[in-house]
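Okay, so here's the structure we're looking at.
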Amino acid sequence: MIGRLRQSVPAYLFLLPWFVGIVGLTIGPMLLSLYYSFTDYALLNTPEWTGLHNYTALFQDSRYLQSLKVTFIYVGVSVPLEMAFALAVAVLLNRGLKGLAVYRALYYVPSLLGGSVAIALLWQQIFGSDGLLNDVLGLFGIHGRGWISEPGTALWTLILLRVWQFGAPMVIFLAGLRQIPDEVLEAAEVDGAGRWQRFWRVTLPLLSPVVFFNLVLQIIGAFQAFTPAFVISGGKGGPSDSTLFYTLYLYQQAFGNFRMGYAAAMAWVLLLIIAVFTGLNFVLGRTWVFYGDEGVRR
Amino acid sequence: MTTLSRRTLLGLGAATAAAITVPGCSGKSGPMRVSWYGPDPVTKALNKALDAWKSSGGAEYTAESAPFDDYWDKLATQTSGNNAPDVLRMSMSYFSDYAGRSALKDLGSLGIDTSGLDKDVAASGVADGKDYGIGQSSISYSMYVDEGAIKKAGGTVPAAGWTWEKFAEFARDYAGSVPGSFGSSDQAGNFQLFEVYARQHGTEMFSDDGGKLLTTKDTVQEWFQYWADLRTAKAAPPQNVSGETTAIEKSLIATGKSPLQFGWVQQVTFYQPLVKSPLAVLPVPQGKAGDLSGQFVKGLDLWCVSAASKHPEDAAKLIGFLLNDEKAIKAIGILLGVPPSKKARDLVSADAGSAGARAIKYVEDLAGKVGPSPKPWPKGYGELLTGFGRIAENIGLGKSNPAAGAQEFTEMAGKTLGQ
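Protein chains in written order, with the UniProt record's numbering: chain A, 1 to 298; chain B, 1 to 419.
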């Protein structure tokens, strides 16, 4: 017994740095934030226990509800569009193009830049009322508008920004497509399946685990989007709260209005929302994700 | 092949653990840190003043700076982490938030020389009998006028300012006679200009204890309606134009699309480099002609020392240096506001004809004509400041109207104040 313990001591020692990290930097702060979410905590004072007050106040806060609405539209529109776009480009690139590596790298670049301040500023240059887009529209005699400064269109420029960052899911799709055995596709061709049929009936089902993986990741990522809205609206979520992302409002409450307890409650509700969506994904996934081992009893 | 002994491993593990935890300690005591907000010119000026501090044998320091909005996010985080800078620039907008939560040191016993300072400015950081900060400047709200543009359009602006009615009349005429331009930028969301307007209606904006909004809902509604009418008349720009012209270099006055802009008096030096003809600095519009009682002169930016400071003596010395040393005064000029001592004002306004000299003259002329200074702005002021702007924006976009906006604002004030 003691001999075994002695053997495992070095292992635990090696684990120690990781353990200190996860407790000190992840679990500890998470538990603290759970505690704060039940308190009135103004960042500079000692927290005061207020029970569920923060949670009930959330749903009477019209700006909170607005931030939910904005975030749901953002997730609901941008994720499917981004996925479809990524898949389409991946399929195109998978057709034995010369210089594939170059294209793959090029298309991946926006994913690397996308979260950055520079890109958000670029977006302002493109979609401002004297921006590039309006210059181009002007060539066709169309009188543009301030795409970012009008509440009707501001969110759509952010959705476009996300779709433009299709590189990361695309690379994963591409890897998935390369895994699909040529024999299967050839067999389908021999059986007389057309291009569309081969894609819908063979490629897509075989690719479904990868689609599922991307979908889960993208939904989680989209719910947590922050930087683009923060930079493009100057941290305000404007115009008229039309780009008030959930995380942006959380940030405003925590660091602008000193309502750390309230913000902590928001964070936990967001965690719950993401958990529900991810759970739902896994449940629904059973009906359409095909792992190829469905016949095997596990 | 050497094998690691258990002892070596233990040591390694302990060292790793220590390496991970040590940087997390806040017990370190490096050099004194100085932090401020403001655009680039302010940062350049303060760095120059700090160079003078260093060459006169002052203590080691490191400097941090950020634009106004970002500064507060950062300071709040640093303060809650017990890691606030030693010397920090504090705005009256957030002063009560910090002083009321014991985040600032009482400077009373640190012996900062304020003998040369104007009395009300030196005392502007006193709360509950303790001195939490020393005014950097005395400032007042003002209107900047591009007189060259107005002369070209054949108009005039009275030197003593004008009433709100005359102002609206001017704005409409100007916009009508110069195609593609507006009489004034839209100030509906400007909470600080609104405070002057509110005081012209007979009461302070907040009760003395900061727990209540004294300005009535009707006054708020009247204000929102006033600017809505100007927008309808095309004398002020529509909201989508205003939304894209908030930055100084994109502002309507900088691009020649409007001859009028509002701001704190020292900010004229941020706009002046972008406008060809000299900007005149005038009082903001009044309720009754010539009655300036709505305006006030006050120290709205302070030098403070954080409660957690490990270098309070050096911090106090540095503050004294920035306020009193000739080189520091010259380096800072009026970028932090009109200097708070006669000596400093004389040094700075030596450059007659500069925007700075005009700003100083403006504040000196106002003294005696303005109303009493309001109490320090209450806790939650920062939230009302941004909320007011957001409501004005909603009205400008047609998502709300002056009556509903006024209702929303008074409700917000009821919830935010006195917490």
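We put the CB at the ideal spot given by N, CA and C, even for glycine.
Note that the structure is a prediction, hence the values are computed from the model and not measured.
Note on residue 345 of chain B: 16 or more other CB atoms within 10 angstroms of its CB, so buried under the neighbour-count rule. According to the DSSP assignment, residue 209 of chain B belongs to no alpha helix (DSSP H), since it is labelled neither H nor E. The beta carbon of residue 383 of chain B sits closer than 8 angstroms to some beta carbon of chain A.
Secondary structure of residue 163 of chain B (DSSP, three-state): strand. Taking all protein chains shown into account, residue 82 of chain B has fewer than 16 neighbouring C-beta atoms within 10 Å of its C-beta and is therefore exposed. According to the DSSP assignment, residue 271 of chain B belongs to the alpha helix (DSSP H) that extends over 268 to 271.
Taking the C-beta atoms as reference points, residue 295 of chain B is found no nearer than 8 angstroms to residue 397 of chain B.
Within the region 212 to 240 of chain B, the complete alpha helix (DSSP H) runs of at least 4 residues fall at 217 to 232. When B/411, B/371 and B/374 are compared, the shortest CA-CA separation from residue 387 of chain B is found for B/411. The region 113 to 129 of chain B and the region 242 to 261 of chain B do not touch, with fewer than 3 CB-CB distances between them shorter than 8 angstroms. Across the structure, residue 245 of chain B and residue 252 of chain B are spaced so that their CA atoms are roughly 7 angstroms apart. Identification of residues in the region 44 to 65 of chain A having a C-beta nearer than 7 angstroms to some C-beta of chain B yields 44 and 45, given in sequence order. Cβ atoms of residue 104 of chain A and residue 93 of chain A come within 8 angstroms of each other, at about 6 angstroms.
When Cβ-Cβ separations below 8 angstroms define contact, residue 80 of chain B makes contact with chain A. Here the alpha carbon of residue 261 of chain B sits roughly 10 angstroms from the alpha carbon of residue 281 of chain B. Counting only the Cα atoms, residue 414 of chain B lies some 20 angstroms from residue 201 of chain B. Membership of residue 33 of chain B in the beta strand (DSSP E) is indicated by the continuous run 32 to 37.
Judged by DSSP secondary structure, residue 121 of chain B falls outside any beta strand (DSSP E) and instead within the alpha helix (DSSP H) spanning 119 to 122. Under the DSSP assignment, residue 280 of chain B falls outside any alpha helix (DSSP H), being part of the beta strand (DSSP E) whose first and last residues are 279 to 282. Around the C-beta of residue 94 of chain B, 16 or more other C-beta atoms lie within 10 Å, and the residue is accordingly described as buried.
Proximity of chain A to residue 401 of chain B at the Cβ level (cut-off 7 angstroms) is not reached, the minimal Cβ distance being about 13 angstroms. Contact note: residue 150 of chain A reaches chain B through 240, using a C-beta cutoff of 7 angstroms and chain order. Rounded to the nearest angstrom, the gap between the Cα atoms of residue 113 of chain B and residue 366 of chain B is 26 angstroms. Using a CB distance below 9 angstroms, no part of the region 344 to 364 of chain B faces chain A. Chain-ordered listing is empty here: chain B has no CB closer than 8 angstroms to the CB of residue 290 of chain A, the nearest sitting near 44 angstroms. Nearest Cα to residue 337 of chain B within the set B/41, B/181 and B/52: B/41.
Looking at the backbone, the Cα of residue 73 of chain B and that of residue 249 of chain A are separated by about 13 angstroms. Just measuring C-alpha positions, the residue of B/266, B/199, B/190 and B/250 sitting nearest residue 227 of chain B is B/190.
With its beta carbon at least 8 angstroms from every one in chain B, residue 226 of chain A lies outside the interface.
With contacts defined as CB atoms closer than 8 angstroms, residue 80 of chain B and residue 44 of chain A qualify as a contacting pair. Here DSSP, grouped into helix, strand and coil, assigns residue 97 of chain A to coil. Taken through DSSP and simplified to helix, strand or coil, residue 130 of chain B comes out as strand. Annotation: the continuous beta strand (DSSP E) that includes residue 64 of chain B extends over 61 to 66. Neighbours of residue 171 of chain B in chain A, taken as residues at a C-beta separation under 7 angstroms, are lacking, since the least C-beta distance is about 22 angstroms.
For residue 49 of chain A, the beta-bridge partners assigned by DSSP are A/39. For residue 164 of chain A, the secondary structure class from DSSP, reduced to helix, strand or coil, is helix.
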